[in-house]
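Step one of this worksheet: look at the structure below.
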Amino acid sequence: MTDLTQLTLRQAHQALESGECSSLELTRATLERIERLEPKLHAFITLTPELALEQAAQADQLRARWRREGGELPPLLGLPLAVKDLLCLAGVRCTCGSRILENFIPPYTATSVERLLTAGMVVIGKTNTDEYAMGSSTENSAYGPTRNPWNLRHVPGGSSGGSAAAVSARLAAAALGTDTGGSVRQPASFCGITGLKPTYGRVSRYGLVAYGSSLDSVGAFGRTAQDVALVFSQMAGYDRRDATSMDLPLPAIQLEDDDSSLAGLRIGVPDEYFIQGIQPEVENAVRRAIVSFEALGAFVSPVSLPHTEYALPVYYLIAPAEASANLARYDGIRFGARLDSDNILDLFTRTRGQMFGAEVKRRIMLGTYALSAGYYDAYYGQAQKVRTLIKRDFEQAFEKVDLIAAPVAPSTAFRFDEHLDDPLAMYLEDVFTLPANLAGVPGLAFPVGFDSNNLPIGMQLMGPHFREDLLFRAAHAYQQTTDWHQRAPSLS
Amino acid sequence: MTDYEAVIGLETHIQLNTKTKIFCSCKADSWSDAPNTNICPVCSGLPGVLPVPNKAAIEKGMLLAAAMHAEIQPLSYFDRKNYFYPDLPKGYQISQYDMPLARGGYMQLPLPDGSVRQVSIHKLHIEEDAGKTKNENGLRLIDFNRCGVPLIEMVTGPDLRSADEAAQYLTRLRQLLRWLGVSEADMEKAHLRCDANVSIRPKGAAYLNPKTEIKNVNSIEAVREAVGKEIERQIREVEAGHKIEAWTLEWDEDAGVLRKMRSKETEADYRYFREPDLLPVRIHEEWKQKVLSKLPELPLERRNRFINQYGLPEYDADILTGDRSLSEYFETAVKTYSGDPKRVSNWLMNDVLRMLNESGLTADQLKLTPQFLAEIIKLVDAGTINNNTGKNLLEKVQQTGRPPAKLVEEEGLARVSDDSAIRSVCQEVLAESPKEVESYKSGKVTLIGWFVGQVMKKMRGKADPNIARKILEELLG
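Sequences listed follow chains X and C, in order. In terms of the working numbering, the first sequence is residues 399 to 890. In terms of the working numbering, the second sequence is residues 32 to 508.
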């Protein structure tokens with residue numbers, strides 16, 4: 399019998415449909431593999447085996463009845479899903495990688511997760527994350543770091559490192575992540591898988607614990623563009639519980655196996671993303687991929703995003719500013735950890751001072767400072783203005799091209815502790831992913847090669863608002879003619 | 032001694048009477064509910080949930096803004112106001128800062144001497160309320176029910192000049208809020224809250240002196256009293272050569288004294304920034320027109336119209352426009368009556384108002400409809416019934432809800448003006464009272480009133496007293 403854990407989401411779906419396997423078999427195989435590899439990888443904060451087996455059994459019953467009686471089946475029935483521990487699932491603790499929420503059990507489910515449950519998916523666990531998604535390596539998790547399946551001495555990227563490692567290591571065919579400044583695309587790139595950051599407003603943020611509200615998005619990981627599209631299609635769309643979600647139709651995403659022509663597609667390549675200091679192997683791999691796109695019929699031209707260099711400072715003013723307010727609710731009063739005191743101010747400062755990690759406190763302080771009277775205009779106010787210029791860069795570029803191709807990160811996965819004592823170097827890891835969040839445009843990362851250490855190299859395509867369909871089409875065409883995405887880390 | 036004048040500005044918080052809270056679907060009014068029973072993940076600030084704006088709250092805000100002659104802004108924003116407090120669940124309050132719902136505005140406050148005080152509005156924005164904290168048995172208890180209840184914050188310019196004016200402004204504001212149906216405006220229930228900023232200066236001066244802020248005043252009378260006492264205190268201080276310091280004072284209702292809460296520190300830094308979870312509030316012309324089409328004639332406009340159109344004294348016009356349904360009652364009655372409006376006003380102010388006060392009903396709830404009232408006044412005017420019968424009829428109509436004319440007919444209440452019927456009763460009375468007749472004839476002519484009274488008594492008030500008097504005089508003469 400085939401190893402069910404090696405199947406892509408689409409293959410697993412076909413196996414369930416054909417009766418080759420049941421959801422219980424698939425889920426058990428997944429849980430067994432997790433049990434075997436989790437001690438090495440630490441991709442999960444909380445596993446939900448009972449819940450998963452119960453949901454899988456229900457899925458099998460539903461399918462059995464469907465075989466007898468016909469009707470309609472939920473589109474992703476019985477397929478396992480890993481969920482980043484920043485997205486709420488009712489009744490299951492949601493730690494956000496923080497000690498302050500160690501015992502927090504939300505009474506509600508994130509819209510994105512709820513829609514995938516409605517689509518029939520089986521939740522196997524909550525994956526590791528940098529505390530409140532603040533980080534690029536998953537080293538900032540209060541529950542210990544996740545390891546890169548390709549090399550256990552290297553980070554998986556972050557903040558959705560747990561989800562990316564899980565999909566890369568075949569602990570799940572699909573996983574949810576969140577992307578505020580690159581937290582889906584960068585770990586996808588580091589782990590050699592495909593990951594989507596959707597358009598801001600495309601997927602409801604309800605139930606996503608906020609970090610930078612104007613930048614946060616719920617994304618998905620898979621091994622192929624097809625798989626990510628399957629998950630995305632089910633969770634996207636307007637939600638009245640998120641006032642910033644957009645009521646726009648979702649274009650049908652048809653990705654046929656033999657569809658690899660990109661004739662007529664215009665791809666722009668921004669000079670600003672091929673800066674000094676980028677790892678040469680990364681630049682070469684990305685440029686080779688761009689040539690492949692040309693070979694598939696795309697028209698490639700240079701394009702300029704002149705304000706790219708300001709994305710980093712702008713992001714590190716706006717995201718921490720919003721975070722400083724978003725994280726004010728962790729005061730020890732209504733939920734979460736509390737370090738008690740007779741004095742209320744003391745209760746606040748002790749709880750927050752001791753239960754938040756260093757990076758979280760750093761960003762709260764950065765953000766508080768940027769918003770303070772006397773500094774607002776120079777920092778937060780100015781950052782908002784420059785953000786508008788960055789948005790305009792993209793608008794102007796998308797008048798000339800359909801998609802923008804760029805590297806995801808300046809280097810492949812770095813070693814543990816490499817940046818830990820240098821926050822600025824860590825922030826630089828996000829330099830290519832931040833602009834898409836600031837502009838609200840969608841981005842898709844996927845593997846385009848390996849470096850000499852056998853670490854995956856990713857590239858990203860960015861598209862106009864609400865044109866995730868174009869990203870999937872291009873990446874799918876590329877994956878029809880390449881096999882980078884099929885390579886698996888050797889884990890025993 | 033210098034002549035001083037007070038300079039007063041009022042900061043009011045108005046609880047809108049929407050069914051649900053401003054950003055979630057919890058019940059908004061918790062006055063009679065147990066603590067922490069009207070809360071949900073959104074208003075109690077759990078992680079991961081998002082606010083969804085309540086259109087009704089914005090529309091009520093628009094109505095109030097229009098009634099205050101403020102300019103409703105086509106584009107406004109919600110902002111986060113950041114501060115830590117145990118009863119502020121999110122650690123920030125969703126409010127409005129530099130781009131509020133409306134700008135400008137004023138109220139033309141009529142003063143008792145007939146002049147009008149123009150009170151400007153400096154700030155008018157919409158925001159969510161915080162919870163309530165209290166200390167009990169050494170415990171700090173928090174009730175989150177009030178979190179997310181929609182409020183309008185409205186701040187006047189330093190335009191009021193006495194404690195009485197401050198109280199009059201609040202009375203007019205309360206009247207307006209109820210008139211518009213946007214708030215219950217009950218200060219005792221904190222639907223309407225008021226902080227007062229008070230300073231003094233030599234009469235006629237144009238500059239502003241340091242002010243004190245008075246908090247925790249829970250009724251209009253308390254505002255009058257607290258502001259009055261603070262003005263007196265400031266005058267005493269200045270006369271004694273002391274400086275006024277910018278304190279925050281707390282009104283102790285039971286003791287009737289102001290206590291210093293704190294010296295005003297440097298302005299708190301709330302680190303306002305745009306609320307990223309909410310879209311800008313865009314009020315397009317069509318929406319605005321639709322909402323404002325529900326804007327009624329305002330109480331002060333109606334008061335002035337009553338004076339001009341119906342020739343009512345200011346006193347009558349004030350009382351009749353004290354409540355929207357009463358003013359509408361009056362106008363309907365005047366229309367049906369089509370005689371002197373002042374006559375309708377008299378009946379309303381004397382009798383109907385007492386009926387309302389005693390029953391606790393509002394004018395639109397009376398069974399005694401304005402049409403019935405007009406009918407009763409007409410019956411009195413026509414002499415069909417006398418004044419007293421008319422007054423009694425008001426009660427009967429209110430009890431039964433039956434038309435006055437029907438009741439008059441059924442109960443035989445019509446006045447008797449038939450000479451012969453009255454004549455025979457008069458003869459009866461004279462025959463029964465020989466002693467009084469004797470006295471009358473010997474010069475005590477004032478007894479005529481007593482004779483008329485006896486006749487009226489026998490006829491159960493239905494006789495025309497003038498006819499009775501004439502016949503009695505004739506018989507005695």
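Ideal placement from N, C-alpha and C gives every residue a C-beta, glycine not left out.
Quiz prompt | Where the beta strand (DSSP E) containing X/Phe844 begins and where it ends | solution = Residues 841 to 848.
Quiz item: Taking 7 Å as the CB-CB limit, is C/Phe304 close to chain X?
Solution: It does; some Cβ of chain X falls within 7 Å.
Exercise. Compare the Cα-Cα distances from X/Ala508 to each of X/Arg545, X/Asp657, X/Val481, X/Met532 and report the closest residue.
Key: Taking only the C-alpha atoms, the option nearest X/Ala508 is X/Val481.
Quiz item: Would you call C/Val147 buried or exposed, if buried means 16 or more other Cβ atoms sit within 10 Å of its Cβ?
Solution: By the 10 Å Cβ count, C/Val147 comes out exposed.
Quiz item: Taking 7 Å as the CB-CB cut-off, is C/Pro307 touching chain X?
Solution: Closer than 7 Å: yes.
Quiz item: So which of C/Leu379, C/Gly508, C/Asp300, C/Glu442 has the shortest CA-CA distance to X/Tyr774?
Solution: The shortest C-alpha separation from X/Tyr774 is found at C/Asp300.
Quiz item: Buried or exposed: which applies to C/Trp62, given that a residue is buried once 16 or more other Cβ atoms fall within 10 Å of its Cβ?
Solution: Exposed, because fewer than 16 other Cβ atoms sit within 10 Å of the Cβ of C/Trp62.
Exercise. Put C/Cys457 into one of helix, strand or coil per three-state DSSP.
Key: In the structure shown, C/Cys457 sits in a helix (DSSP, three-state: H, G or I).
Quiz item: Three or more beta-carbon pairs under 8 Å between the segment 263 to 278 of chain C and the segment 68 to 88 of chain C, yes or no?
Solution: Counting Cβ pairs under 8 Å, fewer than three are found: no touch.
Quiz item: How many angstroms separate the CA atom of X/Leu594 from the CA atom of X/Arg761?
Solution: For X/Leu594 and X/Arg761, the distance between alpha carbons rounds to 25 Å.
Quiz item: Can you tell me whether C/Arg333 is buried or exposed, with buried defined as 16 or more other CB within 10 angstroms of its CB?
Solution: Looking at its Cβ environment, which holds 16 or more other Cβ atoms inside 10 Å, C/Arg333 is buried.
Self-check item: Closest residue to C/Asn417 among C/Val468, C/Asn381, C/Thr68, C/Pro496 (Cα-Cα distance)
Solution: Cα-wise, what sits closest to C/Asn417 is C/Pro496.
Practice problem: Determine the contact status of C/Ile89 and C/Phe109, defining contact as a CB-CB distance below 7 Å. | Solution: For C/Ile89 and C/Phe109, no; Cβs fall outside 7 Å.
Quiz item: Among the residues of its own chain, which have a CB less than 8 Å from the CB of C/Lys220, if the five just before and after it don't count?
Solution: The residues are Trp62.
Practice problem: Could you spell out where the alpha helix (DSSP H) holding C/Ala101 opens and where it closes? | Solution: The continuous stretches of alpha helix (DSSP H) do not include C/Ala101, and DSSP gives it neither H nor E.
Practice problem: Please confirm whether X/Ala572 and X/Asp625 have their CB atoms less than 7 Å apart. | Solution: Yes, these two residues count as a Cβ contact at 7 Å.
Quiz item: Are C/Ile408 and C/Trp378 close, meaning C-beta to C-beta below 7 Å?
Solution: A contact, by the Cβ cut-off of 7 Å.
Quiz item: Residues in its own chain within less than 6 Å of X/Leu429 by CB, not counting five upstream and five downstream?
Solution: Counting only Cβ-Cβ distances below 6 Å, and skipping sequence neighbours, we find Pro447.
Quiz item: Nearest to C/Leu461 by alpha carbon, out of C/Gly432, C/Lys422, C/Glu440, C/Gly508?
Solution: Of the candidates C/Gly432, C/Lys422, C/Glu440, C/Gly508, the one whose C-alpha sits nearest the C-alpha of C/Leu461 is C/Gly508.
Quiz prompt | DSSP-derived helix/strand/coil call for X/Asn741 | solution = It is coil, neither helix nor strand.
Practice problem: Below 7 Å CB to CB, which residues in the same chain sit around X/Leu660 once its five sequence neighbours on both sides are set aside? | Solution: Closer than 7 Å at the Cβ level, and outside the excluded window around X/Leu660, lie Phe691, Leu694, Gly695, Ala696, Ala872, Ala875.
Quiz item: In angstroms, rounded to a whole number, what distance separates the CA positions of C/Val38 and C/Asp160?
Solution: Their backbone Cα atoms lie some 28 Å apart in a straight line.
Quiz item: So who's on the other strand from X/Ser690, going by DSSP bridges?
Solution: The beta-bridge partner set that DSSP reports for X/Ser690 is empty.
Quiz item: Looking at C-alpha atoms only, which residue of X/Glu681, X/Arg664, X/Arg639, X/Asn682 is the closest neighbour of X/Gly605?
Solution: Ranking the options by Cα distance to X/Gly605, first place goes to X/Arg639.
Quiz item: Considering only C-alpha positions, which residue in the set X/Leu569, X/Asp577, X/Pro547 is nearest to X/Thr527?
Solution: Answer by Cα proximity: X/Asp577.
Quiz item: For the candidate residues X/Ala450, X/Arg497, X/Leu414, whose alpha-carbon lies nearest to that of X/Pro473?
Solution: Considering only alpha carbons, the answer is X/Leu414.
Quiz item: Excluding five sequence neighbours on each side, which residues of the same chain lie with their C-beta closer than 6 Å to the C-beta of X/Thr786?
Solution: Excluding residues within five positions, none has a Cβ falling inside 6 Å.
Exercise. Determine, using beta carbons only, whether C/Arg111 comes closer than 7 Å to chain X.
Key: Closer than 7 Å to some Cβ of chain X, the Cβ of C/Arg111 qualifies, so yes.
Quiz item: C/Leu223 bridges to which residues according to DSSP?
Solution: Partner(s): C/Ile45.
Quiz prompt | Residue interval of the alpha helix (DSSP H) (run including C/Thr279) | solution = Unbroken run through C/Thr279 is the beta strand (DSSP E), 278 to 283; no alpha helix (DSSP H).
Practice problem: Just the chain C side, please: which residues come within less than 8 Å of X/Phe746 by C-beta, in chain order? | Solution: Near X/Phe746 (Cβ distances below 8 Å), the residues of chain C are Phe115.
Quiz item: Would a check of beta-carbon distances place C/Gly391 closer than 7 Å to chain B?
Solution: You won't find chain B in this structure, because its protein chains are X and C.
Self-check item: Those residues which DSSP pairs with X/Gly856 across a bridge
Solution: According to DSSP, X/Gly856 shares a beta bridge with X/Pro845.
Quiz item: According to the neighbour-count rule (16 or more other Cβ atoms, all chains shown, within 10 Å of its Cβ), is X/Gly841 buried or exposed?
Solution: So X/Gly841 ends up on the buried side.
Quiz item: Helix or strand or just coil, what does DSSP make of X/Ala623?
Solution: For X/Ala623, the secondary structure class from DSSP, reduced to helix, strand or coil, is helix.
Self-check item: Buried/exposed call for X/Asp655, threshold 16 Cβ in 10 Å
Solution: Counting Cβ neighbours within 10 Å, X/Asp655 comes out exposed, since fewer than 16 surround it.
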